[in-house]
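Following: one structure in structure tokens, then a few remarks.
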Amino acid sequence: MNSYTDRGHPPSEYQENLEILLQIPVFSGLPMEAQKVLAYLCTREVFKPGEFLFTEGDTDEHAYFILEGKAGLMLTVDGTSEQVREYGESTFLGGLSLLCPAKRLYSLKALTRMRCVIFARDKFQRTLEQFPDLARMVIQEICTLIHQWESSLIVEHARHCPDCRGNVGVSLI
């Protein structure tokens, strides 16, 4: 429990956002002052079932933290969109979009009613200007996550799957 609920008051959206930042590896190691700014700048949005958060080919400028609901990662194969993965509550998606513009390789579709905390690139970039050391810290955490992902790919697939071996080497970027 936090000090707000200890005193019988429900936590504010700002306080909830601050607690969410502590759950996201990219943000959890940042100085508290920077986390407070980010908690203030993020927004909330509700998506209806079937609504797209972003579509393949979009240059989306947002990262998403799923508070409630489920989303499907959709990939177009031979002109047909198919779900390749599902995400649920407490999932952080799209963090790289905060650092640089890039076209989405997939679409993300709400499978159920979803509530998300949304982080915008322009607000994140302004925060980086205010706290110059953050960029190094965020990039370091992203590199760690990429290394962990590739290590997992090697252990779970690449050692036994010749086709998967062609996909290793991302951490060599």
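Following this note's numbering, the numbering of the sequence shown begins with 2 at its first residue and continues without gaps. Ideal Cβ positions, reconstructed from N, Cα and C, are used throughout, including at glycine. No experiment lies behind these values; they were computed from the predicted model shown.
What would DSSP say about residue 46, mapped onto helix, strand or coil? The three-state reading of DSSP puts residue 46 in strand, counting E and B together.
Kindly indicate which residue of 171, 128 and 50 has the alpha-carbon position closest to the one of residue 144. The shortest C-alpha separation from residue 144 is found at 171.
How is the alpha helix (DSSP H) around residue 124 delimited, first residue to last? Taken as a continuous stretch (DSSP letters only), the alpha helix (DSSP H) holding residue 124 covers 122-131.
So, at 6 Å on beta carbons, what are the nonlocal neighbours of residue 96 in its own chain, with the 5 sequence-adjacent residues on each side left out? Within the same chain, residue 96 has close Cβ partners 27 and 64.
For the pair the region 106-117 and the region 38-49, tell me if three or more CB-CB distances fall below 8 Å. Because the criterion of three Cβ pairs below 8 Å is met, the region 106-117 and the region 38-49 touch.
Please classify residue 38: is it buried, with 16 or more other beta-carbons within 10 angstroms of its beta-carbon, or exposed? Looking at its Cβ environment, which holds 16 or more other Cβ atoms inside 10 Å, residue 38 is buried.
Using the DSSP secondary-structure output, state which residues sit across from residue 84 in a beta bridge. When DSSP reads this structure, residue 84 sits in a beta bridge with 75.
Paired residues, beta bridge with residue 111 - DSSP: Answer is 72.
Rounded straight-line distance, which links the Cα of residue 50 to that of residue 106: If you take the alpha carbons of residue 106 and residue 50, they lie about 21 Å apart.
Just the Cα atoms here: how many angstroms apart are residue 137 and residue 31? Between the alpha carbons of residue 137 and residue 31 lies a gap of roughly 10 Å.
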